[in-house]
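*Asks:* Before we start, here is the structure in question, set down as structure tokens.
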Amino acid sequence: VQLQASGGGLVQAGGSLRLSCAASGIDFSIHDVTWVRQAPGKQRELVAFITSGGTTNYPDSVKGRIAISRNNANNTAFLEMNSLKPEDTAVYYCNIRALAGISNYWGQGTLVTVSS
2 VQLQASGGGL VQAGGSLRLS CAASGIDFSI HDVTWVRQAP GKQRELVAFI TSGGTTNYPD
62 SVKGRIAISR NNANNTAFLE MNSLKPEDTA VYYCNIRALA GISNYWGQGT LVTVSS
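Each number in my numbering comes from the position in the sequence shown (counting from 1) with 1 added on.
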């Protein structure tokens, strides 16, 4: 099983980025997908969540600016991030989970840096 996160980079405040989380070697469609982020010196925090059925959930800190989606045909989940702020700077990780946690995998992380 491989889980590859990509799409991070340097962007100015107010800009946009699209992160991808590509899975292989697994039945991606049955997995819930979570994006979390960890900024330097801070705890990991939830960014977005999408169930295998497509139901989404976001914390208030990103609601309206970030959208999670998935394409089961391509075994990929996406994180569309708009109106980025310097406080969005972090390493972003994707996680897929199914079967009550028996299937649980993390991607390697992708760095997002938002300059002011």
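Think of the CB as a built atom: it goes at the ideal place given N, C-alpha and C, for glycine as much as any other residue.
Just so we're clear, the structure is a prediction, and the values are computed from it rather than from any experiment.
Verify whether the separation of the beta carbon atoms of I67 and L4 is less than 8 Å.
*Replies:* No. Outside cutoff.
*Asks:* Go ahead and label A74 buried or exposed: buried means 16 or more other beta carbons lie within 10 angstroms of its beta carbon, across all protein chains shown.
*Replies:* With fewer than 16 other Cβ atoms within 10 Å, it is exposed.
*Asks:* DSSP three-state label for N83, please.
*Replies:* Reduced to three states, the DSSP call for N83 is coil.
*Asks:* Can you list, in chain order, the residues of its chain whose CB lies under 6 Å from that of L112, leaving out five sequence neighbours each side?
*Replies:* Result list for L112: G9, V92, in chain order.
*Asks:* In terms of residue numbering, what span does the beta strand (DSSP E) encompassing R98 cover?
*Replies:* Run containing R98: 91 to 99, per the beta strand (DSSP E) assignment.
*Asks:* On the three-state DSSP scale, how would you describe I31?
*Replies:* Three-state DSSP puts I31 in a helix.
*Asks:* Would you kindly work out how many angstroms separate the C-alpha atoms of F29 and A14, rounded to a whole number?
*Replies:* Looking at the two C-alpha atoms, the distance is approximately 33 Å.
*Asks:* For G102, name the three-state secondary structure that DSSP assigns.
*Replies:* Note: G102 maps to helix in three-state DSSP.
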